[in-house]
Every structure is written in structure tokens, then in C-alpha cells.
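These notes concern the structure reproduced below.
There are 2 protein chains.
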Amino acid sequence: MRETTDRPYHHGDLRRALIGTALDMLAKDQNWTFTLREVARRTGVSHAAPYKHFRDRETLLRELARIGFIRLGESLTGAMSPGLPSTRAHFMAAAQACIGFACQNPGLYRLMFSSDADKTIDPQLHDAAMKTFGILLDLLERGQRDGSFRPVAVSALAAAGWAQVHGLAMLAISNQLLEEKVGATPIPAALEVLLDGMCRTDCPVHVPASGGHSEHTCPTR
Amino acid sequence: MRETTDRPYHHGDLRRALIGTALDMLAKDQNWTFTLREVARRTGVSHAAPYKHFRDRETLLRELARIGFIRLGESLTGAMSPGLPSTRAHFMAAAQACIGFACQNPGLYRLMFSSDADKTIDPQLHDAAMKTFGILLDLLERGQRDGSFRPVAVSALAAAGWAQVHGLAMLAISNQLLEEKVGATPIPAALEVLLDGMCRTDCPVHVPASGGHSEHTCPTR
DNA sequence: CCTCCATGTTTACAGGAGAAACTTATGCAG
DNA sequence: CTGCATAAGTTTCTCCTGTAAACATGGAGG
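Below is the structure:
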């Protein structure tokens, strides 16, 4: 990469360079509040140059989000090493990887799930998000096949697992998981509670088929 | 309230009026991207007038977040009518109320949990957030006392429940709960799964003792 | 060699944050 | 009642952003 040396008027691959700069800034900031002009500045081009590659600021943001989903997917698959003892352990590893990704890339993570990254506008972004979500679905279906997870609708498990992980991630990066509220190790603790609800036991609980939830008999201690 | 009639130079209660206008805008927008000038404009004062009441834009945002926590708390207590059959049902009602609050006030909800509403800066905001969180804690402790919830560390239940509800809320207001991903009724379905993990059964599962396994320190900015 | 065109740059404009200086009403001392 | 200190609003200013339009440059194809 020739960076500060020549600058031959035509950058060569400005699009990629802008994305790289923006990702760098996003990797440290919280709020993806970076300004397009500063991205251009740090990339060493004029403030209007980015408009030759992205129609507007939001188009760049969506592209960043798309890359974020791809990277998150890589983190997830990387975390689920086949050596783990159970599907439950796989879920745990994937969940922690997802939260770890969020903590290491708070701005990017927030962007990915913000309404600025509107998936109804950009089909490629939508595809990337769906593909990453598919990793979770695959894991859940595998867990149901091997008897680890309860035989409820897989979409229910997906909603629960996703919401839990996303919620922990968002709370973590917003610094809301204060010890006075949720203890010293809230993330594994919360995940264990959820997994207790997802995992099969020898006394299966009700099936949340439609609206009504059946009565729970809680034996006295 | 004399609003558009006289305008006697001194508004009378501009601070409250600004907050009201901002809340109105927040109640409809998604992104609390409102500009301070527009708040002033809609309130009918000059663009610099707000600075007599709020040091800067973020100070106003924190005040809005504080009010949001108070209102959310009212929603929660209002939802837990004493007629409900079980503590589990109380939790379910409170969770749905919280998510409903978020869906009706997406901008405000997002603001409340964003890093723009930095609770380490404003003690009053911190207090309001803690007070609302206390409603959840009380519910969980009550549930443990009456035998509904498992006798694990209450902070684990709190982390799990909070993350689940917050995650569902954030996903819902970001329009991420697409049916193709999580089914038609993801919110009750996910909550039931979690509650199965929180509630006591005749075969209690393991205890996630506080000797946490993995490290997840999130760097604060 | 000349000309086209993608990719740069400069210039221009509307709008926002916030600071400083100015204006108006109000309350209080005498 | 007079006169001023002060809180609260207004005007004006500077610096910044997004984005459009006009202009420049240099490599590719005739």
C-alpha cells in the first residue's frame, strides 16, 4: 500500500480504502457518529471524493454493516470448534463469541442492528444478515435433532436465543451491565438460565404452541 | 397554558416546554436524531434559547432518558395487576409491557439505553434507571420467595430476564423480528422459553455459581 | 496523437452546534 | 416610585457537516 508517498491523483482503490478507514474508526468509536468528511480526510482525499463511490453516507453505512455481518459470521463459525462436548456448549461458545464481537466492535455492532442499516433497502445487506442468522438456526436445528434442545418450534428457540445474545451484547457495549445490578459475571450466568429453558430435561415442560401458556405446577420446597 | 397566543418574551416554563416538544418528536421518530434547533423552532423560541436551560444537547437527552425511565417504570407497575395467577404471569405481563413501551416510543427507548444517556455522568439519570430496574429485581425476588423461580443467584435471573426483554425490544423496534427468521409471534414464544429456564421444575438444573468461567470485559470508551 | 470518461478536486450552499453580545422583563433595595 | 441586577430570550457569529455542481486529470481506445 503506497499511502502518504505519491498520491497519484487516482487513488487506485479508494472505495476499499474508505471502507477500511471507516471500519477503523468504527472499531474504536461507540456511535458510528463519524463524519464522511473525516473519513475522507483520514483517507487522504478530498471531502467530496467518497461520493464517487457511495451515493450518500447511508450507503456507506450499509456497506459497513454488510461487512460486519460477514465478520460476525466468521467469528461464530470460528468459535464453534468441533471439539466441544455438547450442542449446549456450542451455543454457549457462539453466544460468547457474538458478545465478544460486539464488545470489540461496539460501533460496528450497533450500526449492524440499527435502523440506519435498513435491510429492506439493500438486498445484499439483507442476504448477509440472513446468512449469519442461518448459523444460529443450523445450530438450533442440530441441537433439536441430537436431543439437546426441546422440541418446540425452532423459531421460538431462535427468537429467545437471538434476543438474549443481542440483549446482552447491547447492554454490555452500552456499559449497562453494572455489577450492582447483575452481578460480576452476568453474561455466562444469563446464558445458563436461558439454556436451562432451551435444553431438554427429563421432565419436559409445556409446548408454547400458540397464545396461551399452560399452568405450571411448582412443587413446594 | 398559553401557547400560541401572546408569547410574552419570557416563555414562563420553557424548560418544560422544550422537554415536551422533544418527547413528542422522540415518540414518533426512531433515532432521536432531532436537532436542537428544530426543538426550539417547534417550541416557538429562538434556536439559542434552549441553552439557557440545558448546557448542551446531551444534557437535554439525558433528561429525556430520565423521564423515559420513570415512564417505563409506571408502565411496568401498571402492567402487573395483582389479579394475575402467578409470578410467572407477572413477569410475562411486565416483559410485554416493556416491549410495548419500546414499540410505542422507539426513539425514547433507544435513547434510554444508548451511550448518549451516560449514567455515569448524571446521578439523577442513574437513580431513575436503578429504580426502574428495581421493579424487575423485586419481582424476581418475590418469585424466588414464593417458589416460582429457581433458587439461583437473583442477579443471574435479572441478567437473563433483562437481556431477553431488552433484546426483544431492540430487535422489535429495529424491525428485525421478521417472520421468516423467528416466526409469527416471536415475543411470547421467546419469553416462554426463557421462563422455562427461570422457573422451578421438579427437576432443578445446575447452578451457575459465581465462579465465572470466561472473561468478558468490555472496554469502556 | 486525440478524445472520452471514471475518478479525483474545488467551490458553493443550506443547515446545525454552540459561543458571545445584546435585549427585555421582573423582582428587589432604597 | 426609581433604578439596577439578573434571569431568560434573541441576534449574530464561527466552525462544522452533507451534498450538489463545475472543473481537472490521467489512463484506455480509436
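Listed in order, the protein sequences are those of chains A and B. The numbers in UniProt numbering rise by one with no breaks, and the one at position 143 of the first sequence is 143. The numbers in UniProt numbering rise by one with no breaks, and the one at position 1 of the second sequence is 1. Where a beta carbon is used, it is the ideal one built from N, C-alpha and C, also for glycine. Here the structure is a predicted model, which means the values were calculated and not measured.
- Apart from the five residues on each side of it in sequence, which residues of its chain come closer than 7 Å, Cβ to Cβ, to Ser148 of chain B? Ser86, Thr87, Arg88, Cys199, Arg200
- Task: Could you check how far apart the C-beta atoms of Val193 of chain B and Leu168 of chain A are, in whole angstroms? I think they sit under 8 Å.
- Result: About 15 Å; that fails the 8 Å criterion.
- Could you name the residues of the same chain whose beta carbon sits closer than 6 Å to that of Thr43 of chain B, not counting the 5 residues immediately before and after it, in chain order? Ala17, Leu18, Thr21
- Query: What residue from A:His53, A:Asn31, A:Phe113 has the CA that sits closest to Gly12 of chain A's CA?
  - Reply: A:His53
- Query: Quick one: what's got a C-beta closer than 7 Å to Arg66 of chain B's C-beta in the same chain, skipping five residues either side?
  - Reply: Gln124, Leu125, Ala128
- Query: Using the C-alpha atoms, what's the distance from Ala95 of chain A back to Leu178 of chain A?
  - Reply: 20 Å
- Message: Output needed for Leu72 of chain A: all residues of its chain with C-beta closer than 6 Å, excluding positions within five of it in sequence on either side, in chain order.
- Response: Phe101, Thr132
- Item | Proximity winner among B:Leu61, B:Ala160, B:Ala49, relative to Lys119 of chain B (alpha-carbon distances) | B:Leu61
- Item | Backbone CA spacing between Trp175 of chain B and Lys28 of chain B [nearest angstrom] | Per the sequence shown, residue 175 of chain B should be read as Asn rather than Trp. Taking the straight line from one Cα to the other gives about 15 Å.
- Message: By the three-class DSSP mapping on this structure, what secondary structure does Phe69 of chain B have?
- Response: helix
- Whole-angstrom distance between Cys98 of chain A and Ser75 of chain B, CA atom to CA atom: Roughly 31 Å separates the two Cα atoms.
- Message: Quick test of your reading: Val154 of chain B and Leu137 of chain B, contact by CB under 8 Å. State the CB separation rounded to the nearest angstrom.
- Response: Going by Cβ atoms, the distance from Val154 of chain B to Leu137 of chain B rounds to 7 Å, so yes, they are a contact pair.
- Item | Buried versus exposed call for Asn31 of chain B [16 or more other C-beta atoms within 10 Å across all chains shown] | Asn31 of chain B is exposed by the Cβ-count criterion.
- Just confirm the distance between the C-beta atoms of Leu139 of chain A and Phe91 of chain A, as a whole number of angstroms; I'd bet it's less than 8 Å. About 6 Å; that satisfies the 8 Å criterion.
- Message: Quick check on Ser148 of chain A - is its C-beta less than 8 Å from some C-beta in chain B?
- Response: no
- Query: Where do the N-terminal and C-terminal ends of the alpha helix (DSSP H) with Ile135 of chain B fall, by residue?
  - Reply: If you look at Ile135 of chain B, you'll find it in the alpha helix (DSSP H) that goes 123–145.
- Report the rounded CA-to-CA distance for Glu58 of chain A versus Asp146 of chain B, giving the unit in angstroms. Between Glu58 of chain A and Asp146 of chain B, the C-alpha separation is close to 51 Å.
- Measure from the alpha carbon of residue 222 of chain B to the alpha carbon of each residue in B:Ile70, B:Ala93, B:Leu84, then state which is nearest. In the structure as shown, chain B starts at 1 and stops at 221, and residue 222 of chain B therefore has no counterpart that could be examined.
- Under 7 Å between beta-carbons, which chain B residues line up against Gln144 of chain A? List them in chain order, please. Against chain B, a Cβ distance below 7 Å from Gln144 of chain A picks out nothing, because the smallest value is about 13 Å.
- Message: Considering just the uninterrupted stretch of the alpha helix (DSSP H) at Met25 of chain B, what are its terminal residues?
- Response: 14–28
- Enumerate in chain order the residues of its own chain whose CB-to-CB distance from Pro106 of chain A is below 6 Å, with the five nearest sequence positions on each side excluded. Gln30, Ile173, listed in sequence order.
- Span separating the alpha-carbon of Leu111 of chain B from that of Leu14 of chain A: 34 Å
- Query: With a cut-off of 8 Å, does the C-beta of Trp162 of chain A fall near any C-beta of chain B?
  - Reply: Contacts with chain B at 8 Å (Cβ-Cβ) include Trp162 of chain A.
- Message: Does Asp34 of chain B come out as helix, strand or coil in the three-state DSSP assignment?
- Response: In the sequence as displayed, the identity of residue 34 of chain B is Phe instead of Asp. Here Phe34 of chain B sits in coil by DSSP.
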